[in-house]
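Going by the UniProt record's numbering, the sequence shown opens with residue 1, and the numbers climb by one from there. Cβ atoms here follow ideal geometry from the backbone N, Cα and C, with glycine treated the same way. Quick notes on the structure that follows.
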Amino acid sequence: MGRSRKSINAVVGWVRRQPPKVKAFLGVVAGMAALVFLRFIVHDHDNLFVAAEACHAIGISILIYKLTKERTCAGLSLKSQELTALFLAVRLYCSYVMEYDIHTLLDTATLATTLWVIYMFRFKLRSSYMEDQDNFAIYYVVIPCAFLALLVHPSTTHNIVNRIFWAFCVYLEAVSVLPQLRLMQNAKIVEPFTAHYVFALGVARFLSCAHWVLQVLDTRGRLLTALGYGLWPSMVLLSEIVQTFILADFCYYYVKSLVGGQLVLRLPSGVV
């Protein structure tokens, strides 16, 4: 056990010493290797989407525990929660008017939980909120997402406004975690429950991305054409990939911290 830990630490140390371009290349290679591995061990790729939902639920459970048992919201970004509530509300509206299914019920539960979290931030645990470090300007992501949705949206027969809303929630979901990452970067030190919560989100995003990529490979691209024509199908897939890579660097330091036996995650400058 000790020898394997030393080997892992040696590998992590080697990766850490590499320049950014090499790290990016190694990240891409690791992601591709993980996709190949999942393709062979998971025969029904819809199970990856179920696993992603389960990881997201675990993350939410950790968040609820932190707020109710620890009685603090320190280290958590209210702005990320507000962005999450916004894209979930828009997605729920689109689900009700365009394609009501089981995911509509899941999104309803997630939105209700997110609104409860926002309530706790604003009224019950306000004194522990790190407002000065939660300084990401959300209009930096909301406005570009809205503009992009106007330009690139589904080519279905639905009402044009609904199609734009649909695109907007897809793009906003991809970047909704940025304020949380900025807050953790500002704080430099991330306590365990916050780190577990964000890591669970990272795993959920990776599994969701893997689900989409493997579905596209299995259908030899037919899935993309089923989503419509033009740039929209590619933008859906790109949004999934962006979500994964935004959290990839944090997940790397999270795993490194666990391997090193550290309960508190310390982030170097430049992670976000």
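Of all alpha-carbon atoms in 203, 237 and 201, the one lying nearest the alpha-carbon of residue 215 is that of 237. Sequence-distant Cβ neighbours of residue 240 in its own chain, meaning closer than 7 Å and more than five residues away, are 208, 209 and 212. For the 7 Å CB-CB criterion, residue 244 and residue 206 form a contact. Here DSSP, grouped into helix, strand and coil, assigns residue 163 to helix. Checking the DSSP bridge columns, you'll see residue 190 partnered with 265.
The alpha carbon of residue 171 has as its nearest neighbour, out of 96, 194, 112 and 234, the alpha carbon of 234. Rounded to the nearest whole angstrom, the C-alpha separation of residue 79 and residue 169 is 16 Å. Annotation: the continuous alpha helix (DSSP H) that includes residue 149 extends over 139-151.
Under the three-pair Cβ rule at 8 Å, the region 129-140 does not count as touching the region 46-60.
Counting of Cβ neighbours within 10 angstroms places residue 121 among the buried residues, the total reaching 16 or more.
Between residue 178 and residue 118, the beta carbon gap of about 17 Å keeps them out of contact (Cβ cut-off 8 Å). Assigned with DSSP and collapsed to three states, residue 50 falls in helix.
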